[in-house]
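Residue numbers (the working numbering): 47 to 314.
Even for Gly, the Cβ is constructed at its ideal location relative to N, Cα and C.
One structure below.
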């Protein structure tokens, strides 16, 4: 599993960077979210790799879902793929976009990879182990380091969305006495908490399961967790939701394991 996730993510990252250097035209989907040739080519490569090695595991992929292709996931095990998380960062010329692939089993992310090709770094989790890795110019992994969440101290640091700041996020930071907050794009927010560089990532605003699953897998393997505002674990495979679209997430708090979810749950 690890080898397939890494090779698929690295191939997708190479394709993304080639298009990034050449310049990509931007189109808009029905929901007005942007999409580029990089999204589509990266997804094609990932889907081909997963189909070759795991033909019996269905894949929920962002662009395929947008095109109406949604496989049956009633078996409980499936992949979630966001081929280019942080498309707005990609379009703006920033480096914080990622390739996200996650394996879901029994509604929880049990393995995943987050690869930031413009930063030549990534994060992978499986078997309850989380690692950060560096990538050489030849698109090969050169160095690995086991990571883990830090213990909650007196001075707290948060990470938040660069493109989706909300009044609720500002209120959460104020309620918990958090003065230091880094705004960053894509699923790297989960990874900063996972490697002990931040304590909490509060998300008030819409996300989809493919946005969060890979980063969530890394965080959980690093000793953290992701919970909804009522303190319940964030679940995956959410379909037929009465109040939202299939695979849409509620607001959540991603944090190190000793974060007080009870106090976080009061912020709604």
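Less than 9 Å separates the beta-carbon of residue 293 from that of residue 255. Residue 227 and residue 199 have their alpha carbons spaced roughly 15 Å apart.
In this structure, the beta-carbon distance from residue 84 to residue 130 falls below 9 Å.
Pairing residue 55 with residue 164, the inter-Cα distance amounts to about 13 Å. For residue 212, the three-state secondary structure derived from DSSP is coil. Under a 10 Å Cβ-count criterion, residue 188 is classified as exposed, with fewer than 16 other Cβ atoms of the shown protein chains found around its own Cβ. One Cα belongs to residue 71, the other to residue 136, and the distance between them is close to 11 Å. When DSSP states are grouped into helix, strand and coil, residue 172 belongs to the strand group. Within the stretch 227-309, complete beta strand (DSSP E) segments of at least 3 residues are found at 246-249, 270-274, 298-302, given in chain order. Ranking 285, 220, 259, 209 by CA distance to the CA of residue 140 puts 209 first. The Cβ-Cβ distance between residue 158 and residue 173 does not fall below 9 Å. Looking at the backbone, the Cα of residue 167 and that of residue 49 are separated by about 16 Å.
Residue 236 and residue 109 have their C-alpha atoms some 22 Å from each other. Residue pairing by DSSP places residue 101 opposite no residue, since no beta bridge is assigned to it. Taking the Cα of residue 101 as reference, the smallest distance to any Cα among 162, 169, 47 is reached at 47.
For residue 143, no beta strand (DSSP E) segment is defined, and its DSSP state is neither H nor E. Under the DSSP assignment, residue 190 falls in the beta strand (DSSP E) whose first and last residues are 187-192.
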